[in-house]
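Everything on this sheet refers to the single structure shown next.
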Amino acid sequence: MGGVTDAFRALADPTRRTILDELTARDGQTLFELCARLASNHDLASSRQAISQHLDVLESVGLVRTRREGRYKFHEIDTAPLEPIVERWLRRPGSDPGGTGETG
Amino acid sequence: MRISLANVFVDDQEHALRFYTQTLGFVKKHDVPLGQARWLTVVSTAAPDGVELVLEPSGHPAVRPFKEALVADGIPYTSFDVDDVRGEYERLRGLGVHFTQPPVNMGEVTTAVLDDTCGNLIQIAEQRGRSA
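Which chain is which? The protein sequence lines are X and F, in order. Take the first sequence: its position 83, counting from 1, is numbered 1122 in the numbering used here, and each next residue is one higher. Take the second sequence: its position 88, counting from 1, is numbered 94 in the numbering used here, and each next residue is one higher.
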């Protein structure tokens, strides 16, 4: 489980960002469905094995979780690793603009 | 040369015959005793003289890990054409069939993936411009 630096590094790859786009469109997909969506919606002809490796990277930084349901494995997006970014820079209007300490 | 047979490896032939006929809607074509198993085939009512699907026993030790690996990744063993994938999805769900993928538009084709309760995932596909 990595910090925000690892999450950024994982997101630096456009295929991995597209994987997250497709999981946002429908959460909880098998590897097969993800590959089919990447190929038909984005002309991404990466091998199934390559997509599987991208998923491993996303999972290692906590942006994707896998859920075993019986004999199937589903992939789900988890945006929790991105929340420190919101906390740090994307403060909502009305929040106190100053006086917060450095959080690291 | 013509393709006359396709197969699915099924865990239990009698159970498979029920699922592929009563649930999916195919009809039995051949049922011949063959040692401990049966030469068991079904056909589509739309093409009774067309390609036969062999419901083949999963007995060989290589078959089980092969099927399990495909199923874990959501990969269908084979695909059947349907005229209306959303209609079939609703009909089959009403019969208790479990889908790992609901109907999704994949460009020229809309697909869904179901569990055949015999150890396989099966894709159903509606080709654009070919529906009835």
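By construction, the Cβ of each residue, glycine as well, lies at the ideal position given by its N, Cα and C atoms. All figures in this text were calculated on a predicted structure; none of them were measured in a lab.
Could you check whether the Cβ of X:Arg-1104 sits closer than 7 Å to any Cβ belonging to chain F? Looking up residue 1104 of chain X in the first sequence gives position 65. Judged by the 7 Å Cβ criterion, X:Arg-1104 is not in contact with chain F.
Output needed in chain order: residues of the region 68-84 of chain F with a Cβ under 8 Å from some Cβ in chain X. Of all residues in the region 68-84 of chain F, those with a C-beta nearer than 8 Å to a C-beta of chain X are Glu-74, Val-77, Ala-78, Asp-79, Gly-80, Ile-81 and Pro-82, reading in chain order.
For X:Tyr-1111: DSSP bridge partner residues: Walking along the first sequence from the start, residue 1111 of chain X turns up at place 72. Bridge partners of X:Tyr-1111: X:Glu-1108.
Proximal chain F residues relative to X:Glu-1072, where beta-carbon distance stays under 8 Å: In the first sequence, residue 1072 of chain X corresponds to position 33, counting from 1. Chain F residues near X:Glu-1072: Gly-80, Thr-106, Gln-107, Val-110 and Val-119.
F:Ala-68 (DSSP reduced to helix, strand or coil): By one-based count along the second sequence, residue 68 of chain F stands at place 62. F:Ala-68: coil per DSSP, three-state reduction.
Is F:Glu-94 closer than 7 Å to F:Ile-130 when the C-beta atoms are compared? In the second sequence, counting from the first residue as 1, residue 130 of chain F sits at position 124. In the second sequence, counting from the first residue as 1, residue 94 of chain F sits at position 88. Less than 7 Å divides the Cβ of F:Ile-130 from the Cβ of F:Glu-94.
Can you tell me whether F:Ile-9 is buried or exposed, with buried defined as 16 or more other CB within 10 angstroms of its CB? The sequence position of residue 9 of chain F within the second sequence is 3, counting from 1. Burial call: exposed.
How would you list, in chain order, the residues of chain X whose beta-carbon sits under 7 Å from the beta-carbon of F:Gly-113? The count along the second sequence starts at 1 and reaches residue 113 of chain F at position 107. Under the 7 Å cutoff, chain X gives Ser-1079.
Any chain F beta carbon closer than 7 Å to X:Thr-1057: Counted from its first residue, the first sequence places residue 1057 of chain X at position 18. Not an interface residue.
For X:Gln-1068, does the three-state DSSP call read helix, strand or coil? Sequence index remark: in the first sequence, residue 1068 of chain X carries index 29 (1-based). Strand.
Coil, strand or helix - F:Ala-52 by DSSP: Walking along the second sequence from the start, residue 52 of chain F turns up at place 46. Coil at F:Ala-52, not helix or strand.
Can you tell me whether F:Ile-81 is buried or exposed? The criterion is at least 16 other CB atoms within 10 Å of its CB, across all chains shown. For the purposes of this step, residue 81 of chain F is taken as the residue at position 75 of the second sequence. That one is buried.
Report yes or no: do three or more beta-carbon pairs, one from the region 1058-1076 of chain X and one from the region 1090-1101 of chain X, lie closer than 8 Å? In this structure the region 1058-1076 of chain X lies against the region 1090-1101 of chain X, because at least three pairs of beta carbons, one per stretch, are closer than 8 Å.
7 Å is my cut-off, CB to CB: does X:Arg-1048 come that close to chain F? Taking the first residue of the first sequence as position 1, residue 1048 of chain X is located at position 9. No, X:Arg-1048 does not count as interfacial toward chain F.
Within the 7 Å Cβ cut-off, does X:Thr-1069 reach chain F? On the first sequence, position 30 is the one that residue 1069 of chain X refers to. At a cut-off of 7 Å between C-beta atoms, X:Thr-1069 counts as an interface residue with respect to chain F.
Only counting the same chain, and skipping five residues up and downstream in sequence, which positions put a Cβ closer than 7 Å to that of X:Asp-1045? By 1-based counting over the first sequence, the position of residue 1045 of chain X is 6. Closer than 7 Å at the Cβ level, and outside the excluded window around X:Asp-1045, lie Val-1100.
Quick one, which of F:Met-7, F:Leu-11 and F:Tyr-26 has its alpha-carbon nearest F:Asn-126's? Against the second sequence, residue 126 of chain F aligns to sequence position 120. Comparing Cα-Cα distances from F:Asn-126 to each of F:Met-7, F:Leu-11 and F:Tyr-26, the minimum goes to F:Tyr-26.
In whole angstroms, give me the CA-to-CA distance for F:Trp-45 and F:Asn-111. Within the second sequence, numbered from 1, the residue matching residue 45 of chain F stands at position 39. Within the second sequence, numbered from 1, the residue matching residue 111 of chain F stands at position 105. Near 36 Å, if we compare the C-alpha coordinates of F:Asn-111 and F:Trp-45.
For the structure I just gave you, are there three or more beta carbon pairs, one from the region 29-49 of chain F and one from the region 1048-1067 of chain X, closer than 8 Å? No, the region 29-49 of chain F does not touch the region 1048-1067 of chain X.
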